[in-house]
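Here the first sequence is numbered in my numbering, starting from 6 and rising by one per residue. Taking it in order: structure first as structure tokens, then the write-up.
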Amino acid sequence: MRLATWNINSVRLRMPIIAQFTESHKPDVLCLQETKVEDSKFPLEDIKSLGYEHVIFRGMKGYNGVAILSRLPLTDTGSRDWAGKEDCRHLAVDVDGKFELHNFYVPAGGDEPNPEVNEKFDHKLRFVDEMRDWFKSDRKASTPMVLVGDLNIAPLENDVWSHKQLLKIVSHTPIEVEKLTAVQNGLKWVDAVRAKIPEPEKVYSWWSYRSRDWQAANKGRRLDHVWVTAPLADKVTGVDIVKDARGWEKPSDHVPVIVDFDL
DNA sequence: ATGGTCGGTTGCCGA
């Protein structure tokens, strides 16, 4: 079983590269974030024509939005709102009775890493705190679960191009890393990508648009994650960061992150 | 220290 997560930055504009990716890498399940489309305008038929018969999506006009495309049956198991906003940042589904899958788009948090003056950063911190509390109180570490998405936090030193230079940059501040680590510790989630590609190797899934040459500068960050609970940890057979996708025609600023399972 | 580029509720806001 091949699972992928990809912040697509407008699902309608990216249909050509979604087709390119699904044809070249053939994921069984593809989780998208930042679809930026209300449900009535979601390109459902185009996606079904790529071979994904089972599709669940929650979107809003212009902002946020998440979707799961699957070749296997999906059942909604409690997609919900977080941090007091109805802003379409989460889906929870059962994948064919095999595992529970959570697809998240965590708030980016704005530029100023101070919750006293920046409401967006405060929202991000409250969102991650709520993830910690919800998974701790309601879930069991013995349940086969996968958590994916654009978590908008690069937790490890080698998840960014310069640890020292990004300590005060939103996505890599100590307070964000601490809170994300608390989510991870609650259910003893295993970071599937880092289990296969340990530090100190640099791993990035996002490169800013604001660069003349993203490849030459290579100032990336690992913002997109795949976590699994203990029952699935030894079933991960491989991971792939599809860096090529950053150079495709009309790219997203994020690239797909793939995890293969032997279930 | 600054500015750079995308997408869409476009001539701004969020990322």
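C-beta: ideal position from N, C-alpha, C; glycine also.
- Message: Assess contact between the region 81-90 and the region 206-221, defined as three or more Cβ pairs (one per stretch) separated by less than 8 Å. Is contact present?
- Response: no
- Item | Segment limits, beta strand (DSSP E) that includes Trp11 | Position 6 of the first sequence, counted from the first residue, corresponds to residue 11. First-last of the beta strand (DSSP E) with Trp11: Arg7 to Asn12.
- Task: Could I get the ranges of all uninterrupted alpha helix (DSSP H) runs contained in the region 8-69, with 4 residues as the minimum, in chain order?
- Result: Taken in chain order, the whole alpha helix (DSSP H) runs of length 4 or more contained in the region 8-69 are 20-30 and 49-53.
- Item | Beta-carbon spacing of Ala97, Glu135 below 9 Å | For this step, residue 97 is matched to residue 92 along the first sequence. For this step, residue 135 is matched to residue 130 along the first sequence. Going by C-beta atoms, Ala97 is not nearer than 9 Å to Glu135.
- Item | Range covered by the beta strand (DSSP E) that runs through Thr80 | Translated into positions along the first sequence, residue 80 becomes position 75. Segment Leu79 to Asp81, the beta strand (DSSP E) holding Thr80.
- Message: Within a Cβ cutoff of 6 Å, which residues of the same chain sit near Glu181, ignoring the five residues on either side of it in sequence?
- Response: Here residue 181 refers to the residue found at position 176 when the first sequence is read from its first residue. Excluding positions up to five away in sequence, the list reads Ile158.
- Query: Can Arg226 and Leu171 be called in contact, C-beta distance under 9 Å?
  - Reply: Here the question's residue 226 lines up with position 221 in the first sequence. Here the question's residue 171 lines up with position 166 in the first sequence. In contact: Arg226 and Leu171 (Cβ atoms closer than 9 Å).
- Within the region 69-124, ranges of the beta strand (DSSP E) (whole runs, at least 3 residues): 71-75, 79-81, 95-100 and 104-110
- Alpha carbon to alpha carbon, what distance is there between Cys36 and Val198? In the first sequence, counting from the first residue as 1, residue 198 sits at position 193. In the first sequence, counting from the first residue as 1, residue 36 sits at position 31. Each residue's Cα considered, the two are about 16 Å apart.
- Query: Between the C-alpha atoms of Phe266 and Val122, what's the straight-line distance to the nearest angstrom?
  - Reply: Numbered from 1 along the first sequence, position 261 holds the residue referred to as residue 266. Numbered from 1 along the first sequence, position 117 holds the residue referred to as residue 122. About 43 Å.
- Item | Closer than 8 Å: Asp265 CB and nearest the ligand COA heavy atom | The ligand COA is absent from the structure shown, which contains no ligands of any kind.
- Task: State the beta-bridge partners of Leu2 as determined by DSSP.
- Result: Since the displayed the chain opens at 6 and closes at 268, residue 2 lies outside it and no answer follows.
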